[in-house]
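For reference, each letter of the sequence shown is one residue, going -23 to -1, 1 to 482 in mature numbering (1 follows the signal peptide of the UniProt record, and there is no 0).
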Amino acid sequence: MKKLSFYTILCCLVVVCTFSLNSCQEFNIDSQTEYPPLLETDAQAEYAVLAKSPHTIVFNISSNTPWKIESNKNWCVPSPAMSSASSLIAEVSVITEENPDEQERTAILTITADGMKESKTITVTQAAKGTLLVQGFDDPFPSEGGEATFTVTSNKAWKVTSSNQWLTLAKEEGEGNGEKVTITATAKPNTGLKRTATLTIASDGYETEITATQNGIMLEFPAMSAEDVILPSNAGETKSFSVATNLAPESWNVSTEDNWISVSKNAAGDAVKVTTKSEIYFKDRTAIIRLEADKTLGIDPVELEIKQNRGSIAWPENAVYEEGTESGVTITQSRFYVNKHYKLATFEVKLNEVNLTKDAIFFQYYKDESIPGSQGPTINCWMGDNDGNGSYDDLNDFCLRTRDNWGDNGNINTPNKLTGLDVNKLNAMKTLKFTMIPNPDTEGNVLIKLDIDGVNYANIGNLKNPFTGAGNSYAGNFAYFGFLNGKASGSIDIASLEVTPIAFE
């Protein structure tokens, strides 16, 4: 009985040992101690890349042992350069820099693995930098059409394309053997304005452009800088702009839709004169002048944008105001004036917002007191509570008063009530226009007007021009606008002030 048990136990041990040995062999199939090291890759033996904008080479490496890949040139870099601790399988990207030289170059990538005597090599050959030299046209094509040549020299295949159909090429591509190639270009006749075409020459990823110009009907402004297009800030001044044209003076005209300038061409027809009719304050402004040929010629007008910078404003020492970032000004105390003399003129104030907490707004047309013994007419225009007593019963409340030295009119002091104007209209005000111009109905007289948002509140036409006759020596007046000091508060947000002096005889 005991003997049977011993043999039974021995048989069981043999079975267990056999099973354990098989299990050990199964779990170590990739073990470096049981199998030889292996490395596989789908990389090609050779790669060719361009000199400019070369593509990235991508391949895979699979191994059962750590590996690394090295390049013998620093312009050809593989990544990753070795296997990681967590994986022996990887996708490798090979990045090549652009070739700055005119010779082909080669890099060798070498893959090695631990435990392997043999390595794998990959050859990367990069093309030479292409040579592309282009000599453009010497002169413009004549308007009647004709031929001209340009040259291309390249060591790589090249191709030329034209941006316009009026210019055709006898040869559009070449193999590129390093020799100069002369190409004939033919221009069709041109019955319109001078025109241009762009020729683009491409070779091995490189491009260069040349321009072909053909004469035609020429009517244009020469190239100008930002400073060249600046007009004078003062009204009544002129600036000339050259015009390049081969048209007779009577075959073209100059015009503008901007009423603050006037334009004219000179007798020779090679320049236009621009005259500023008014001045702008608190902002800059632009205008467009247009050259237009006789319509029978069928050519488009040519435009030039010109600019007038804002004029300078004078402020009293105690003035409280804030200028806008780009334009405008907000007054919360005091008033401003333009520090120059005017006689007959219009003054137009554009407003963004008016917010009066204690009125009144004040416009004054007053002589220059800095001139000893100066004389001249005065116009006070009080819009609101002139004396600040909280009522509108005073004679100067909402009143335009003409006073002082009025030339042939003598010394006067006449109130003119602004009937219908109130604080609500002032707070809603967007435009205030004061006018003193020659009276169109009575020769020798002036017409004085105050208009707010297109509504007239003063219209005085019975006074002689104060700057003629006995007033001929008067220097002219300053124009003030803003708050009555100490008698009003709130804010006036001004967008601009335009002043238009008026000539008179």
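We put the beta carbon where it would ideally sit given N, CA and C, even for glycine.
*In terms of residues, what are the limits of the alpha helix (DSSP H) holding L403?*
DSSP places L403 inside the alpha helix (DSSP H), whose first and last residues are V400 to N404.
*Touch check for the stretch 184 to 191 and the stretch 290 to 297: three-plus C-beta pairs under 8 Å?*
Touching, no.
*Residue ranges of each beta strand (DSSP E) run of no fewer than 3 residues wholly in the stretch 146 to 207, ordered along the chain?*
Listed in chain order, they are 157 to 164, 172 to 180 and 183 to 191.
*My guess is that G305 and I471 are in contact by the Cβ rule of under 8 Å, so how many angstroms apart are they, rounded?*
Between G305 and I471 a beta carbon distance of about 6 Å is seen, short of the 8 Å cut, so the two are scored as contacting.
*Indicate whether the contact test is met: 3 or more Cβ pairs, each with one atom in the stretch 192 to 209 and one in the stretch 156 to 165, closer than 8 Å.*
In this structure the stretch 192 to 209 does not touch the stretch 156 to 165; the number of beta carbon pairs closer than 8 Å is below three.
*Can you tell which of M59, E79, E17 and T83 has its C-alpha closest to the C-alpha of N49?*
The option with the nearest alpha carbon to N49 is T83.
*Secondary structure of G438, DSSP reduced to three states*: If DSSP states are grouped into helix, strand and coil, G438 belongs with the strands.
*Residue environment, K441, which counts as buried when at least 16 other CB atoms sit within 10 Å*: K441 is classed as buried because its beta carbon has at least 16 other beta carbons within 10 Å across all chains shown.
*With 16 as the cutoff for other CB atoms within 10 Å, does I66 come out buried or exposed?*
I66 should be labelled exposed.
*Can you name, in chain order, every residue of its own chain whose Cβ lies under 8 Å from the Cβ of K254, other than the five neighbours on each side?*
Correct list, in chain order: A212, G213, N236, W237, I238, S239 and T477.
*Over what stretch of residues does the beta strand (DSSP E) that includes M360 continue unbroken?*
Where M360 is concerned, the enclosing beta strand (DSSP E) stretches over P354 to M360.
*Helix, strand or coil: which one does DSSP assign to T273?*
In the structure shown, T273 sits in a helix (DSSP, three-state: H, G or I).
*State the beta-bridge partners of R312 as determined by DSSP.*
The partner list for R312 (beta bridge, DSSP) reads G459.
*Three-state secondary structure (DSSP) at Y(-17)?*
Only weak support is given to the placement of Y(-17): the predicted model assigns it a pLDDT of 43, under 50, and the value that follows is read from those uncertain coordinates. Judged by DSSP in its simplified three-state form, Y(-17) adopts helix.
*From G361 to T379, what distance separates their C-alpha atoms?*
For G361 and T379, the distance between alpha carbons rounds to 17 Å.
*According to the Cβ coordinates, are N373 and P392 closer than 8 Å?*
Their beta carbons are under 8 Å apart, which means N373 touches P392 by this criterion.
*Relative to the alpha-carbon of L398, which residue among D261, S56, L409 and G113 has its alpha-carbon at the smallest distance?*
When each option's Cα is compared against that of L398, the closest is L409.
*Can you pull the DSSP bridge partners for T408?*
T408 pairs with K327.
*How is the beta strand (DSSP E) around N390 delimited, first residue to last?*
Counted as a single uninterrupted DSSP element, the beta strand (DSSP E) harbouring N390 occupies residues N388 to K394.
*Can at least three beta-carbon pairs, one atom from the stretch 166 to 174 and one from the stretch 135 to 144, be found at a separation below 8 Å?*
By the Cβ rule, the stretch 166 to 174 counts as touching the stretch 135 to 144, because three or more pairs are nearer than 8 Å.
*Helix, strand or coil for S291, going by three-state DSSP, please let me know.*
Note that residue 291 corresponds to Ala in the displayed sequence, not to Ser. Strand, per DSSP.
*asked:* From the DSSP secondary-structure annotation, give me the bridge partner or partners of W135.
replied: DSSP output for W135 lists G151 as bridge partner(s).
*asked:* Check for me: the beta strand (DSSP E) holding S466 runs from which residue to which?
replied: Going by DSSP, S466 is part of the beta strand (DSSP E) stretching over S466 to P478.
*Could you have a look at D19 and say whether DSSP puts it in helix, strand or coil?*
D19 falls in the coil class under three-state DSSP.
_Helix, strand or coil, according to DSSP, for D428 in the structure here?_
In the structure shown, the three-state DSSP call for D428 is strand.
*CB-CB under 8 Å to H32, same chain, minus the five flanking residues each way: which ones, in chain order?*
Excluding residues up to 5 positions away in sequence, V26 lie with their Cβ nearer than 8 Å to the Cβ of H32 in the same chain.
_Taking the beta strand (DSSP E) that S217 belongs to, which residues open and close that run?_
Per DSSP, the continuous beta strand (DSSP E) segment holding S217 begins and ends at T215 to S219.
_Opening and closing residue of the beta strand (DSSP E) in which I257 lies_ = It spans E256 to Y258 - the beta strand (DSSP E) in which I257 sits, taken as one unbroken run.
_Three Cβ pairs or more, each shorter than 8 Å: is that satisfied between the stretch 96 to 114 and the stretch 125 to 133?_
These segments touch.
*Using the rule of at least 16 other Cβ atoms within 10 Å of the residue's Cβ for burial, across every protein chain shown, is F481 buried or exposed?*
Under this definition F481 is an exposed residue.
*With DSSP run on the structure shown, which of helix, strand or coil describes E3?*
With a pLDDT of 36 at E3, under the threshold of 50, the modelled position of that residue is not reliable, and the figure given next carries that caveat. Collapsing the DSSP output to three states places E3 in a helix.
*Pairwise C-alpha distance: S61 and K(-22)*: For K(-22), the predicted model reports a pLDDT of 41, less than 50, meaning its position is unreliable and no value from the coordinates is stated.
*Span of the beta strand (DSSP E) holding D78?*
If you look at D78, you'll find it isn't in any beta strand (DSSP E); DSSP assigns it neither H nor E.
*Output yes or no for whether 8 Å exceeds the beta carbon distance between G288 and Y319.*
Between G288 and Y319, the gap from beta carbon to beta carbon reaches 8 Å or more.
*Who are the near neighbours of E81 in its chain, counting only those whose CB is closer than 8 Å to its CB and skipping five residues on each side?*
For E81, the CB contacts under 8 Å within the same chain, skipping 5 residues up- and downstream, are T102, Q103, A104 and A105 in chain order.
*Could you tell me whether the stretch 425 to 440 touches the stretch 259 to 276, using the rule of 3 or more Cβ pairs below 8 Å?*
Taking a contact to require three or more Cβ pairs closer than 8 Å, the stretch 425 to 440 and the stretch 259 to 276 do not qualify as touching.
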